[in-house]
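Chemist: The numbering used here puts the first residue of the sequence shown at 1, with every later residue one more than the last.
Backbone N, C-alpha and C fix where the C-beta goes; we use that ideal spot for every residue, glycine too.
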Amino acid sequence: MESANELKWRKQALKPIDTTRRSSSSKSEEEEENKNGQKTGEEEPLSPSSRLFHEPNFNVYVIAIMGCKTRIYPDVVKANLGHTLLRHPRFSSLQVMDERNKGGMKWVRTQVDLEKHVIVPKLDPNIYSPEKFLEDYIYNLSKTSIDESQPLWDLHLLNLRTSESEAVGVFRIHHSLGDGTSLMSLLLACTRQMNDPLALPTVPIKKKQEKKNDHTWFWRITSMFWSTFQVFLNTVVDVFMFTATTLFLKDTQNPLKGPPGVEFTPRRIVYRTVSLDDIKLVKNAMNTTINDVALGITQAGLSRYINRIYGGNNKAEGAIEIDNLPNKIRLRSTLLINIRPSAGIQALADMMEKDGEAKWGNWIGYVLLPFTIARRDDPLDYVRDAKATIDRKKRSLEAIFTFSISELALKLFGVKTASALSHRILSHTTMCFSNLVGPLEEIGFYGHPMAFLAPSSYGQPHALMINFQSYMDKMTIVVSADEGTVPNPHQLCDDIVESLRLIKHAVVTKGLA
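1) Which first and last residues belong to the beta strand (DSSP E) in which R384 is found?
2) Contact between the region 42-57 and the region 445-456 is defined here as three or more beta-carbon pairs at a separation below 8 Å; is this criterion met?
3) Am I right that M184 and P455 are in contact with their C-beta atoms under 8 Å? What's the rounded C-beta distance?
4) Pick out whichever of G104, V293, F371 and L233 has its Cα sitting closest to the Cα of M475.
5) Measuring only the C-alpha atoms, how far is Q150 from T298?
6) Are the region 215-234 and the region 424-437 touching by the rule of at least three beta carbon pairs closer than 8 Å?
7) Would you report the Cα separation of H505 and I390, rounded to the nearest angstrom?
8) Pop quiz: P45 and G104 are said to be a contact at Cβ under 8 Å. What is the actual Cβ separation, rounded to whole angstroms?
9) Whole angstroms is fine: what's the gap from F371's alpha carbon to D113's?
10) Do H88 and L186 have their beta-carbon atoms positioned less than 8 Å apart in this structure?
11) Work out the CA separation of P125 and R375 for me, nearest whole Å.
12) If you scan the region 402-461 from start to end, which runs of the beta strand (DSSP E) of 3 or more residues do you find wholly inside it?
13) Could you pull the DSSP bridge partners for T84 from this structure?
14) Using C-beta distances below 8 Å, list every residue in its chain close to C68, excluding the 5 sequence neighbours before and after it, in chain order.
15) Nearest-angstrom Cα distance between A399 and A409?
16) Can you look up N338 in the DSSP assignment and give me helix, strand or coil?
17) Identify every residue that forms a DSSP beta bridge with T475.
18) What's the C-alpha gap between N467 and T246?
19) Expressed to the nearest angstrom, what Euclidean distance is found between the alpha-carbon atoms of I425 and K143?
20) Assign L123 to buried or exposed, taking buried as 16 or more other Cβ atoms, counted over all protein chains shown, within 10 Å of its Cβ.
21) I'd like to confirm the pairing. Which residues does DSSP put opposite P521 in its beta bridges?
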């Protein structure tokens, strides 16, 4: 039986978003369906970056795990998908070879059969360990790919009660449809605030620092030239390191670095939820950003995890405090940055509801982010190191130049060579890392109130990927790992959580909070 609260949300969710305002051009496209079910009204080539994701060694899928506070009703979800997500051309198009452009691919609109895209497995109501079942379900999902005869996305709805949610939805989207940030923004554009069913989620934006006018014109010009010189110098160094990494410079062999071919292995995806207020406390006390703190606790957690392995996984009391780490470990994360400005949630919602336009597509640049792997007497040093690293990367045009280099390689040598170049860069580094900003208030996915959001991916040539995703007053830490390389991703998650606790304790103990 449905509870009164579940019935209330179901009735609310059954009211589809108003999409009656449509352009005459989109209506005419619907009338141009050919006998094969494909629409001829819109055909455009895939971007070069999107084509890269069709190479066998770069076949990446984005995963978004959505925990819901109530049971998920598939009929509600299907009814609303047709009014929202399917209005986005990438989610209702096939990716086919373009016979006129040898080696190229194009988007071709098609009719979407939601029965093939929305999967609702029958579950045993007496599952002994729902968390382990969910992990195994996603692990098995990462062994598979989506049939290219349909748009490359699907949604798995599991009415499975876990410790954090009453049900779980798992979106799987091929990376050729868009970069991770844009895809997450698109999914959020399909949600609404629970306290206002017509309002889109509110995502915090970075405030511009006010310019101080207490300096003379001489010092302002001097500061401008110095900033320009820093950007120039940092960019030269970063592009040199990018080139060296492409040619010969590899990370130190370490317990987190996967073997060749790791992109073809399934992934164990686990997550932990911590208090966003704890992260903000550290941020405010140390005058940093949330991104600085996220990177800092990740560096601390990785150091703990690797130190334990080099110590022979000694579980004796106090063993973790012994420094077993070798000197000067080179461990870097490759960040894939979409240099095209991401469309906001409002623009994406308008695109789906009113046939508006929004910028979309993969324009991928690379940023090599060095991690500090060491034992620190003062836990706050991990955050200080992270802040210094990120501040320096902000004063560099690395992503723009690496994107230009990749585009040049693609145009001169073709997709195969560009794919080999991208694969080489990633395989010479150790891991992926990202931090995504989420809604400030409780949101509902077609009326189903969400408990948490956990994004990740599989198919990348890294054995380890760590994502941070904020939502309301929570931060979810997601680890995607090849178990052959990282046999205990749960321990790694726990080490990152413990590092946050130690750093917060240091802040409070030193009287900084």
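Modeler: Per the coordinate set shown:
1) Run containing R384: none in the beta strand (DSSP E); it sits in the alpha helix (DSSP H), L380 to K394.
2) The region 42-57 vs the region 445-456: no contact.
3) A Cβ-Cβ separation of about 6 Å places M184 in contact with P455 under the 8 Å criterion.
4) Looking at the Cα atoms, V293 is the closest of the given residues.
5) Roughly 38 Å separates the two Cα atoms.
6) The region 215-234 makes no contact with the region 424-437; the number of CB pairs closer than 8 Å stays below 3.
7) Between H505 and I390, the alpha-carbon positions lie close to 23 Å from each other.
8) Right, their Cβ atoms sit about 6 Å apart.
9) Approximately 45 Å, taken between the alpha carbons.
10) One thing to note: L186 has its Cβ within 8 Å of the Cβ of H88.
11) So the alpha carbons of these two residues sit roughly 46 Å apart.
12) Taken in chain order, the complete beta strand (DSSP E) segments of 3 or more residues contained in the region 402-461 are 431-436, 443-445 and 448-458.
13) Partner(s): none; T84 has no beta bridge.
14) Only S165, E166, A167, V168, G169, F445, H448, P449, M450 and A451 meet the Cβ criterion.
15) A399 and A409: Cα-Cα distance of roughly 15 Å.
16) In the three-state DSSP reduction, N338 falls in the strand class (E or B).
17) The amino acid at residue 475 is misidentified as Thr; the sequence shows Met. M475 is bridged to V274 and S470.
18) Between N467 and T246, the C-alpha separation is close to 25 Å.
19) When rounded, the distance between both Cα atoms is 24 Å.
20) Label assigned to L123: exposed.
21) The structure shown does not extend to residue 521, since the chain is modelled only from 1 to 513, so the question has no answer here.
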